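In our numbering, the protein residues as written are 9 to 88. Where is the CB? At the ideal position from N, CA and C, for every residue including glycine. Here the structure is a predicted model, which means the values were calculated and not measured. Inspection log for the structure reproduced underneath, given as structure tokens.
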Amino acid sequence: HRVLWEKGIRHLNPSLANTMVRIVEGKSRGVLNDWELATICGESRHDASELTGNWLFMAVELMTDEGLSGDLPRLYRYDL
Numbered sequence: 009h010r011v012l013w014e015k016g017i018r019h020l021n022p023s024l025a026n027t028m029v030r031i032v033e034g035k036s037r038g039v040l041n042d043w044e045l046a047t048i049c050g051e052s053r054h055d056a057s058e059l060t061g062n063w064l065f066m067a068v069e070l071m072t073d074e075g076l077s078g079d080l081p082r083l084y085r086y087d088l
């Protein structure tokens, strides 16, 4: 997730339901799936402010007037 974030790809909806863990050579490896809401910075037709995710798990800042208007820059921690 972080590597893709740093490359400008935003999942926007990580959750336990969108994760899988598998064992590779005795080590746990996480996989994040369900990417249809993802955006690519500078290329996507929509921006992150249009997508709400699950209100119960959203960052409080995204539910303010500034966040709802789309004027709030998207931070990495909002997806955690």
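Alpha carbon to alpha carbon, how far is residue j from residue i? Give it in angstroms, no decimals.
| i | j | result |
| --- | --- | --- |
| Leu45 | Lys35 | 29 Å |
| Arg10 | Val68 | 21 Å |
| Thr47 | Phe65 | 19 Å |
| His19 | Arg37 | 18 Å |
| Asn84 | Lys15 | It should be pointed out that residue 84 corresponds to Tyr in this sequence rather than to Asn. Their backbone Cα atoms lie some 12 Å apart in a straight line. |
| Ile31 | Leu12 | 22 Å |
| Val39 | Thr27 | 6 Å |
| Leu76 | Trp43 | 22 Å |
| Glu74 | Glu33 | 46 Å |
| Ala25 | Asn41 | 9 Å |
Quick check on residue i - is its C-beta less than 8 Å from some C-beta in chain B?
| i | result |
| --- | --- |
| Lys15 | The structure shown contains no chain B; it is built from a single protein chain. |
Alpha carbons only, please: which of the options is nearest the one belonging to residue i?
| i | options | result |
| --- | --- | --- |
| Asp87 | Leu76, Leu70 and Glu51 | Leu70 |
| Gly50 | Val32, Val39 and Ile17 | Ile17 |
| Ser23 | Gly78, Trp63 and Glu74 | Trp63 |
Would you mind sorting residue i into buried or exposed? The rule is 16 or more other CB atoms within 10 Å of its CB.
| i | result |
| --- | --- |
| Asn21 | buried |
| Arg82 | buried |
Just to confirm the assignment, what range does the beta strand (DSSP E) spanning residue i have?
| i | result |
| --- | --- |
| Leu40 | Lys35 to Leu40 |
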